[in-house]
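Okay, so the sequence shown: first residue is 1 according to UniProt numbering, each after it adds one. Glycine residues also receive a C-beta, built at the ideal position from the N, C-alpha and C atoms. First up is the structure itself, then whatever we jot down about it.
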Amino acid sequence: MQEVLSMLYLWLKAGHVIFVIFWMAGLFMLPRYFVYHQESEAGSAEELRWIDREAKLRKIILTPALIITWVLGIATATAMGAWGEGWLHAKLLFVLGLSGYHGWLVGYGKKLARGERPLTGKKLRLLNEVPGLAAAVIVILVVVKPF
Ligand code: HEM
Numbered sequence: 001m002q003e004v005l006s007m008l009y010l011w012l013k014a015g016h017v018i019f020v021i022f023w024m025a026g027l028f029m030l031p032r033y034f035v036y037h038q039e040s041e042a043g044s045a046e047e048l049r050w051i052d053r054e055a056k057l058r059k060i061i062l063t064p065a066l067i068i069t070w071v072l073g074i075a076t077a078t079a080m081g082a083w084g085e086g087w088l089h090a091k092l093l094f095v096l097g098l099s100g101y102h103g104w105l106v107g108y109g110k111k112l113a114r115g116e117r118p119l120t121g122k123k124l125r126l127l128n129e130v131p132g133l134a135a136a137v138i139v140i141l142v143v144v145k146p147f
C-alpha cells in the first residue's frame, strides 16, 4: 500500500492542490452569497433563489471538495511518510479549524433559510477574511516547513 502511494506521490499531491483550490473558492463564495441572501426579504422569491444557489454550491463544490482534499491530503502524507513531522501537525490544526468554519457556514445557511439574520453584512464580510488568513498560514507551513 505504502509503495503504491509513494509511486503516486506527485499525482496525489497535484490532485490535492486542485481540490484545495475548489474548496477555498467555495469557502470564499458562500459568505458572499449570505450577504446578498440576507438583504432579500424572508420568504420572498429572491430569497428562494439564494437558498437554491447556496444548496448547489454546497452539494456540487463545497462538500465534495472538502472530502477529496482530506482524502488526497491524508494519502499524500502517507505516501511521503510525513505523519511524525511538526509542520504537518500544525497544518492539520489549521485545516481542522477551516473544516469547522465550513461546518459553521452550513449551519448559518440553515438559519438564514429559517428566516433568521444573526449577523450583519459587515460582520459576514469580516468573517470572509478567515479562510484567506488560514490558507496563508497553511501554505507557509507546507511549503517552508519551519519545524
Ligand atoms: C485536509 C487535510 C490536509 C492534509 C492531510 C494535507 C497534507 C498535505 C501533504 C502531506 C502535502 C505534501 C507536502 C510536500 O510534498 O512537501 C500537501 C501539499 C500541499 N497542501 Fe495540503 N493537506 C491538507 C489540506 C490542505 C489545505 C486546506 C490547503 C490550503 C488551504 C493545503 C495546501 C497545500 C499545498 C499548496 C500543497 C503543495 C505544497 C508543495 O508542493 O510544496 N492543504 N498537503
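Got a sec? Which residues, its chain only, sit under 6 Å from residue i by beta carbon, not counting five neighbours each side?
i, result
"residue 141", "87, 90, 91"
"residue 109", "54"
"residue 149", "No statement about residue 149 is possible, as the shown extent of the chain runs from 1 to 147 and does not include it."
For ligand 1, I want to know if residue i counts as a neighbour, meaning its beta carbon is within less than 6 Å of at least one of the ligand's heavy atoms.
i, result
"residue 21", "no"
"residue 77", "yes"
"residue 152", "Examination of residue 152 is not possible in this model, given that the chain is present from 1 through 147 alone."
"residue 144", "no"
CB residue i to CB residue j, shorter than 7 Å?
i, j, result
"residue 104", "residue 69", "no"
"residue 64", "residue 127", "no"
"residue 75", "residue 12", "yes"
Might you give, ordered along the chain, the residues of its own chain that have their beta carbon closer than 7 Å to the beta carbon of residue i, omitting 5 neighbours on each side?
i, result
"residue 35", "121, 124, 125"
"residue 134", "94, 97, 98"
"residue 66", "23, 99, 102"
Exercise for the section: Count the C-beta pairs between the region 23-38 and the region 46-64 that are closer than 8 Å, then say yes if the count reaches three, no if not. Expected result: yes
Exercise for the section: Indicate whether the contact test is met: 3 or more Cβ pairs, each with one atom in the region 34-53 and one in the region 70-81, closer than 8 Å. Expected result: no
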